[in-house]
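K.L.:
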Amino acid sequence: MTRSHTGPNAIGYTAPVHMALVLLTPQPGRELALNSDRRTVGVAPAGSLEIIPASAEVFACWKVEKQSLLVAVDPGRLARLAGAEFDKDCFELHPPQLGTVDRHAHALAQSMRYELENAALSFEESLDALITLFSTHLLRNYSSLRPHSSPSLNGGLSPATWRKVNDFIQAHLSETLSLEKLASIAHLSPSHFARAFGQTAGQSPHGYVVTSRLARARELIVNTDLPLSQIASSVGFANHSHMTMRMKRLWGATPAEYRRQQR
Numbered sequence: 285m286t287r288s289h290t291g292p293n294a295i296g297y298t299a300p301v302h303m304a305l306v307l308l309t310p311q312p313g314r315e316l317a318l319n320s321d322r323r324t325v326g327v328a329p330a331g332s333l334e335i336i337p338a339s340a341e342v343f344a345c346w347k348v349e350k351q352s353l354l355v356a357v358d359p360g361r362l363a364r365l366a367g368a369e370f371d372k373d374c375f376e377l378h379p380p381q382l383g384t385v386d387r388h389a390h391a392l393a394q395s396m397r398y399e400l401e402n403a404a405l406s407f408e409e410s411l412d413a414l415i416t417l418f419s420t421h422l423l424r425n426y427s428s429l430r431p432h433s434s435p436s437l438n439g440g441l442s443p444a445t446w447r448k449v450n451d452f453i454q455a456h457l458s459e460t461l462s463l464e465k466l467a468s469i470a471h472l473s474p475s476h477f478a479r480a481f482g483q484t485a486g487q488s489p490h491g492y493v494v495t496s497r498l499a500r501a502r503e504l505i506v507n508t509d510l511p512l513s514q515i516a517s518s519v520g521f522a523n524h525s526h527m528t529m530r531m532k533r534l535w536g537a538t539p540a541e542y543r544r545q546q547r
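Offset between the sequence shown (1-based) and the working numbering: plus 284.
This is how it looks when you write it as structure tokens:
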């Protein structure tokens, strides 16, 4: 994904992968053409969603300053998500009309933007989970799979499934714990898993992973003399600084200060 902030311009290209653009600022007089020489001209409010399927030829022109967030998804990944969500990995994307506002896609785009702008505090899993949920939203609402979407499951995870997922998280904190990986442990699609996990744990899967990493780090800081950099890597932080910023934000103290205070 990428966040862009550009002046008036025009662009034409062939999409190498599936792409979706969420406009973060309004675009009066926007021009758009997809697999055609005929350009559609109109107003694209903030929150407008544009979808460019892989291999499609696209032309776009904007006459005022533009802020947007672009998400590119490999066709193989989108097919895998379709198989998990709909038990069918063959589909066609249906791009919406110019100026179609999608509030849910806009909210996800704002969350992605926040993660990009606060990279020092972010985890790889956070952005990955947002891309997964965004991609699933596209499949549910802008693809040939939409009429066949399965009903949402109700309730949280069963006690046995919760124990299995939690045990896996606690045993693999040092690894990248993507939403797709955790969902596969529960034998659920990523979107159903995220919803059920939230009902069971009271927070998102990624939020719970971060909380678990901080709890394990605190235990090691207090009860061992391990170097702080070693503790950081052993529980899944990118580095000592990453752990320090997270801990400072939550507890108001750096790991070194916390170790001194607790002793």
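Using N, Cα and C, we set each Cβ at its ideal position, and we do this for glycine too.
DSSP three-state call for Lys532: helix, strand or coil?
P.N.:
DSSP places Lys532 in helix when its eight states are reduced to three.
K.L.:
First and last residue of the alpha helix (DSSP H) that includes Thr421?
P.N.:
A quick correction: the sequence has His, not Thr, at residue 421. Residues 408 to 425.
K.L.:
Can you tell which of Leu422, Asn450, Thr460, Thr324 has its C-alpha closest to the C-alpha of Ser475?
P.N.:
If we check each option's Cα against that of Ser475, Leu422 comes out closest.
K.L.:
Are the CB atoms of Tyr426 and Leu365 within a distance shorter than 9 Å?
P.N.:
Cβ distance not < 9 Å, so Leu365 and Tyr426 don't count as in contact.
K.L.:
Identify, in the order they occur along the chain, each residue of the same chain with its Cβ nearer than 6 Å to the Cβ of Phe477, setting aside the five sequence neighbours on each side.
P.N.:
Counting only Cβ-Cβ distances below 6 Å, and skipping sequence neighbours, we find Ala467, Ala470.
K.L.:
So, under 8 Å CB-CB, Ala356 and Ile335 are touching, yes? Tell me the CB distance rounded to an integer number of Å.
P.N.:
Ala356 to Ile335, Cβ: 11 Å. No contact.
K.L.:
Quick test of the definition: if touching needs 3 or more C-beta pairs under 8 Å, does the segment 393 to 401 touch the segment 453 to 463?
P.N.:
No: the two stretches stay apart, fewer than three of their Cβ pairs being nearer than 8 Å.
K.L.:
What do you reckon, are the CB atoms on Leu472 and Leu417 nearer than 9 Å?
P.N.:
Cβ atoms of Leu472 and Leu417: not closer than 9 Å.
K.L.:
Pull up the distance between the alpha-carbon of Ala340 and that of His302, whole angstroms please.
P.N.:
Approximately 9 Å between the Cα atoms of the pair.
K.L.:
Keeping to the same chain, check which residues put their C-beta closer than 6 Å to that of Ser433; ignore five residues upstream and five downstream.
P.N.:
Any reading at Ser433 is ruled out, since the residue's pLDDT is 45, under 50, leaving its predicted position unreliable.
K.L.:
Since Lys372 is in the alpha helix (DSSP H), which residue starts that stretch and which ends it?
P.N.:
Segment: none, Lys372 is in no alpha helix (DSSP H) and carries neither H nor E.
K.L.:
With a 10 Å radius around its C-beta and 16 neighbouring C-beta atoms as the bar for buried, classify Lys372 as buried or exposed.
P.N.:
Exposed is the call here.
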